[in-house]
Amino acid sequence: MLLPALVFAFVSLVTLGAAIAVVTNKNILHSAYYLILTFVGVAAVYVMLQAPFIAVVQVLVYVGAIAILIIFAIMLTRRLMSKEMEQHNAQWVPSVVGALALFVVLAWIVYTAGWPVQEGTPPLDPISQLGQDLLTTYLVPFEIASVLLLAALVGAILIGHEKGMRREE
Amino acid sequence: MTIPLNWFLVLAAGLFCIGLFGVLSRRNAIGILMGIELMLNAVNINLVAFWRYLDPANLTGQVFAIFVFAVAAAEVAVGLALVIAIYRNRDTVVVEEIDLLKQ
Amino acid sequence: MIQEFFFNITWLIPVFPFLAFVIILIFTQDNPKLSHSLSIGAIALSWLIGWGVVFSAIATPHLGEHPISKTVGWFETGAMTFNIGYWIDPLMAVALFMVPFVCLMIFIYSVGYMGYGTEEQDPNYSRFFAYIALFATGMLGLVISENLLTLFMSWEIMGLCSYLLIGFWFQKNYPDPNQITPRQAGLKAFLVTKVGDLFLMLGIIYLYSQAGSLSYADTLFNQEFLVRLAETPALPIFGGWSAASAIAALFFGGAVGKSAQFPLHVWLPDAMEGPTPVSALIHAATMVSAGVFLVARIFPLLNVVVELEHHNPTMGLIAFIGAFTAIFSSIIAVAQDDIKGVLAFSTVSQLGYMIAALGIGAYVAATFHLITHAFFKALLFMGSGSVIIGCHHEQDMMEMGGLRKKMPKTFWTFLAGGLALSGFPLITAGFWSKDEILAHAWEEFMHYGTASWPFFVWLLLTIAAFLTAFYTARQISLTFLGKPRGHHAEHAHETPNTMTIPLILLAFFAVTLGWLGIPEEISGYGNNFWHHFVGHEFPSTPLSLPVMLLSSGLALGGLGLGWLVYGRKPLVQGQMDPLEKSMKSIRLGWLYKAMENRFYFDELYRATFINGAVKLADVFYNFDYHWVVDPIVNLVARIARGISDFFSKFDEKIIDGLVNLTGLSGVKLSDLGGITDLKVVDGIVNGIADLTAWIGDNVLRPIQTGKLQNYLLILLISMLAIIGIYLVY
Chain A
2 MLLPALVFAF
12 VSLVTLGAAI
22 AVVTNKNILH
32 SAYYLILTFV
42 GVAAVYVMLQ
52 APFIAVVQVL
62 VYVGAIAILI
72 IFAIMLTRRL
82 MSKEMEQHNA
92 QWVPSVVGAL
102 ALFVVLAWIV
112 YTAGWPVQEG
122 TPPLDPISQL
132 GQDLLTTYLV
142 PFEIASVLLL
152 AALVGAILIG
162 HEKGMRREE
Chain B
123 MTIPLNWFLV
133 LAAGLFCIGL
143 FGVLSRRNAI
153 GILMGIELML
163 NAVNINLVAF
173 WRYLDPANLT
183 GQVFAIFVFA
193 VAAAEVAVGL
203 ALVIAIYRNR
213 DTVVVEEIDL
223 LKQ
Chain C
9 MIQEFFFNIT
19 WLIPVFPFLA
29 FVIILIFTQD
39 NPKLSHSLSI
49 GAIALSWLIG
59 WGVVFSAIAT
69 PHLGEHPISK
79 TVGWFETGAM
89 TFNIGYWIDP
99 LMAVALFMVP
109 FVCLMIFIYS
119 VGYMGYGTEE
129 QDPNYSRFFA
139 YIALFATGML
149 GLVISENLLT
159 LFMSWEIMGL
169 CSYLLIGFWF
179 QKNYPDPNQI
189 TPRQAGLKAF
199 LVTKVGDLFL
209 MLGIIYLYSQ
219 AGSLSYADTL
229 FNQEFLVRLA
239 ETPALPIFGG
249 WSAASAIAAL
259 FFGGAVGKSA
269 QFPLHVWLPD
279 AMEGPTPVSA
289 LIHAATMVSA
299 GVFLVARIFP
309 LLNVVVELEH
319 HNPTMGLIAF
329 IGAFTAIFSS
339 IIAVAQDDIK
349 GVLAFSTVSQ
359 LGYMIAALGI
369 GAYVAATFHL
379 ITHAFFKALL
389 FMGSGSVIIG
399 CHHEQDMMEM
409 GGLRKKMPKT
419 FWTFLAGGLA
429 LSGFPLITAG
439 FWSKDEILAH
449 AWEEFMHYGT
459 ASWPFFVWLL
469 LTIAAFLTAF
479 YTARQISLTF
489 LGKPRGHHAE
499 HAHETPNTMT
509 IPLILLAFFA
519 VTLGWLGIPE
529 EISGYGNNFW
539 HHFVGHEFPS
549 TPLSLPVMLL
559 SSGLALGGLG
569 LGWLVYGRKP
579 LVQGQMDPLE
589 KSMKSIRLGW
599 LYKAMENRFY
609 FDELYRATFI
619 NGAVKLADVF
629 YNFDYHWVVD
639 PIVNLVARIA
649 RGISDFFSKF
659 DEKIIDGLVN
669 LTGLSGVKLS
679 DLGGITDLKV
689 VDGIVNGIAD
699 LTAWIGDNVL
709 RPIQTGKLQN
719 YLLILLISML
729 AIIGIYLVY
């Protein structure tokens, strides 16, 4: 027991710490780096939860795609941000309070609700099982998800498309 | 001893709240998007934790988590495209300055 | 048979002129040619049908005993049904011979007289033809009438027409206020004949009350009824007369008015104010004859009394009035200077002849003279009209003269008419008819002796015959012989054919018609047509040679004397009438003046009846306006006004005071309400509005920051709150 607990404590500490760094850092790029760290931490959590495939997908998608995308965006909008001082807006205090309040509420819910915990073992070959599930039982959501991705793709291109106008520097 | 479910859930809750704080208080639009990603991650942790502790034989939890990944990716793509478009139009990424909804 | 045909269409005879009247009045007043064509066409049709009926009647044997009548029911009064229809008997037939023909002649003559086609064309040309058409309707209706009601209606139509036609030139006024204007003359004619009509109406009513019917078949030709009437005593007002006599006297009253007998003769001379065709039509040929016709119609009523009692007081009355009128008006005629005036009085006189003849029972003679007189009197009037037109409306004979050369056709026809009027022996109609009357009178008075009506009649009529011839010669001499005395006569010209041709046609009849009544002994036919047809139930008058010689002598003597005085040495301009001069020289100038002024009858009537009526009207007027009625009415009005004033004050002061008070308090209350509304209610309303605005401005608006993160924060907080509430409860 002790070893899992220690590992868990270490991972959660890293994850949460990186998260806090994401939301508090003045430098947006640094926030992006800490975000990547957070994602990695979450992947470790998945491993601890005996879901290795999800962990890999996490790293691939989040770190490999999303974080990179964010860094691209930061680069593209960098010109103004470098001079930026204040990163938090006027309502950060009530936000802290609110967030803490929510945490308290959630924690309380977590500890007072009786979760129907079952002992069980995950399947030995989760990937093929996953593949089968996706394409049989959960085919419709799968297709819808692919449509969603297509829409997002098209939308992003359209929105981000420069309308042939060049900004004079 | 295995780690109790509650620890994971609390971790997810904490991550969620931190992400919420980021959404509510960051001035940079991209900062807000990062906060949103944190929240989505927290949700994923919850999903997987519940899968592992409540019904590990059934892979439904994981499937759900995969869908969340897909959605998160799509959403980040569109969101960042929007931010860039706004940046081009208004020359800012500070959301406080994008207040056309003001009365 | 053809007679059946004519007897069936007899009812059309008055219809055509009536239609002409209506159509002209409504549609063709602007078209003179169409108007006179309609009028003449209508009367021509009536003439054709009329003569068809006449000759059919002549060809019907025993028409006198069995008159033909056809009627249709007209209206009911509960007690009886009044019919409208026609009655064909000899009297009607001879009248029907004369009336439409003479009317036709006069209508044609009127075309020229009223100046058709010339610049002197009368502006009311069409109206004239409409009126004479209506008049023809009346006269024809009278002639064919089957009962006393339609007779009376036709009588009244003619009265109306005489008023309309005498007053035809109603706009004409004279500078001398004593000279009667056409308008006044029309009124005078109407009113005077109305007096007679009153008697006629009384007679009709009396007869109806005795008979229960007014048709001829039931009354005048119903022998039992007549006998009953003769035996019934009349109403006490009539003294000891029988009902028959009384009724006859009343009817005679109507005749006195219509035929201008004394004392109701005064309208006829003034009726000369109308156009000359009117004088010819109404006052010679037809309307005045209606009176004689009426007396002839009721002759059975007179006769029955004579048969029963050998003496009828009414007949005496009739004879007296007729004879007196005959001589009285012929005396006046001698002194008249107006060419139409002579003829007017002549008419009155000749009517007197006829009335007198009826009064002595000479039915045949009277009707004979009626018809012949119509022809030659119409001829004379039309001739005088021709003279008047030829002399540009000059009517004073003293200004005429020498027209024989200038207007030959008029002269010769006028001469023929004048000779007929005088009774020129043998060849004129007037001789035969007048002679018959005198013969009858002679015979009667031979029978009864000198102290009887027949003698009186005979004497007066004889003198009148002489005078008639005298004034006729005077008239002809003054008008046609010698040299023109006046300016107009100098430039006289003959009148157009439309006027002279009717004169010629009438002259023909004036000469030949008399031959129908030649006594049997002379003609050798063995049959006096007139007597046979019209009155063969009466004994025929035997020929009396002395009377015939006397008649001839009177005529020739009168004509000769007249010619001697006026014609042998025709008068020159400015010369006084020789008769006047001679009368003045024997201190009878006043008498001549009286004759000229018609024996002052108009003045007498004015002084008595008219002034009396005016004074009576004044009395009534004063009674109404000043003395009694209006003062009472005004007094009542004043009292009523006083009462209403009192109530008005009461109303004003008290009631109005209350009302005003109520009003004022209402106003004050509403003011209060108004203030409440303004201050309180509006304050609340405005306050709420202000509050809302303040909330909006200061509370809600700041929330709309437009910043996304603010919205999200609020979302979070609200969500926490909800969860909190949920968890706690």
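Chains as they are written, first to last, in the numbering used here: chain A, 2 to 170; chain B, 123 to 225; chain C, 9 to 737. Glycine included, C-beta positions come from ideal geometry on N, C-alpha and C. Nothing here was measured: the structure is a model prediction, and the numbers come from that model.
Residue range 586 to 593 is occupied by the alpha helix (DSSP H) that includes C:K589. Per the Cβ contact rule, the region 165 to 179 of chain B is in contact with the region 49 to 56 of chain A (3 or more Cβ pairs under 8 Å). In the DSSP assignment, A:W109 falls within the unbroken alpha helix (DSSP H) covering 93 to 113. Considered as a whole, the region 472 to 511 of chain C harbours 495 to 498 as its complete alpha helix (DSSP H) runs of no fewer than 4 residues, in chain order.
A residue is called buried once 16 or more other Cβ atoms fall within 10 Å of its Cβ, and C:W598, having fewer, is exposed. Residue pairing from DSSP places C:I76 in a beta bridge opposite C:I96. Listed in chain order, the positions of the region 20 to 31 of chain A with a beta carbon within less than 9 Å of a beta carbon of chain C would be empty, since no residue qualifies. In the three-state scheme derived from DSSP, where H, G and I count as helix and E and B as strand, C:N39 is classed as coil. By the C-beta density criterion, C:R576 is exposed, having fewer than 16 other C-beta atoms within 10 angstroms.
Under the three-state reduction of DSSP output, C:D653 falls in the helix class.
Annotated three-state conformation of C:F143 is helix, per DSSP.
Cβ atoms of C:A334 and C:L468 come within 8 Å of each other, at about 6 Å. With the criterion set as a beta carbon lying under 9 Å from some beta carbon of chain A, the members of the region 129 to 152 of chain B are W129, F130, L131, V132, L133, A134, A135, G136, L137, F138, C139, I140, G141, L142, F143, G144, V145, L146, S147, R148, R149, N150, A151, I152, in sequence order. Of all residues in the region 95 to 111 of chain A, the ones placed with a Cβ closer than 7 Å to any Cβ belonging to chain C are P95, S96, G99, A102, L103, V106, in chain order.
DSSP, read as helix, strand or coil, puts C:N311 in helix. Setting aside the 5 residues that flank it on each side, C:A365 is surrounded in the same chain by A373, A374, I445, each with a C-beta closer than 6 Å to its C-beta; the list follows chain order.
For the region 700 to 722 of chain C, residues whose beta-carbon sits nearer than 7 Å to a beta-carbon of chain A comprise Q717, N718, L721. In terms of beta-carbon proximity, B:I220 stays away from the interface with chain A, with every pair separated by 8 Å or more.
Relative to the Cα of B:L131, the nearest Cα in the group B:F172, B:R148, B:V216 belongs to B:F172. Excluding the 5 residues flanking it on each side, B:G144 has same chain C-beta neighbours closer than 6 Å at G157, in chain order.
The CB of C:L724 comes closer than 8 Å to the CB of L142, L146 in chain B, given here in chain order.
Each residue's CA atom was taken as its position, placing C:F137 and C:I290 some 14 Å apart.
Within chain A, the residues placing a beta-carbon under 7 Å from that of C:I731 are V106, ordered along the chain. CA-to-CA, the gap between C:A437 and C:V519 works out to about 5 Å.
Counting every other CB atom within 10 Å of its CB across the protein chains shown gives B:A179 a total below 16, marking it as exposed. Secondary-structure assignment with DSSP links C:E84 through a beta bridge to C:T89. When secondary structure is reduced to three states using DSSP, C:S223 falls in the strand class. The C-beta distance from B:V190 to B:L162 rounds to 6 Å, short enough to fall under 8 Å. B:R212 has a beta carbon lying at 8 Å or more from every beta carbon in chain A. By the Cβ criterion, the region 109 to 119 of chain C is in contact with the region 496 to 511 of chain C, since at least three pairs of Cβ atoms, one from each stretch, lie closer than 8 Å. Boundaries of the alpha helix (DSSP H) harbouring C:Y361: 347 to 367, taken from the DSSP string.
A straight-line Cα-Cα distance of about 10 Å links B:G201 and A:A74.
Counting only Cβ-Cβ distances below 7 Å, B:M161 has no contacts in chain A at all, with the closest Cβ about 10 Å away. Taking 8 Å as the Cβ-Cβ cut-off, the region 40 to 58 of chain A approaches chain B at F40, V43, V46, Y47, M49, L50, Q51, A52, F54, I55, V58, given in chain order. Residue state for B:D177 is assigned as coil, using DSSP reduced to three classes. By the criterion of at least three beta-carbon pairs nearer than 8 Å, the region 89 to 100 of chain A is in contact with the region 141 to 155 of chain B.
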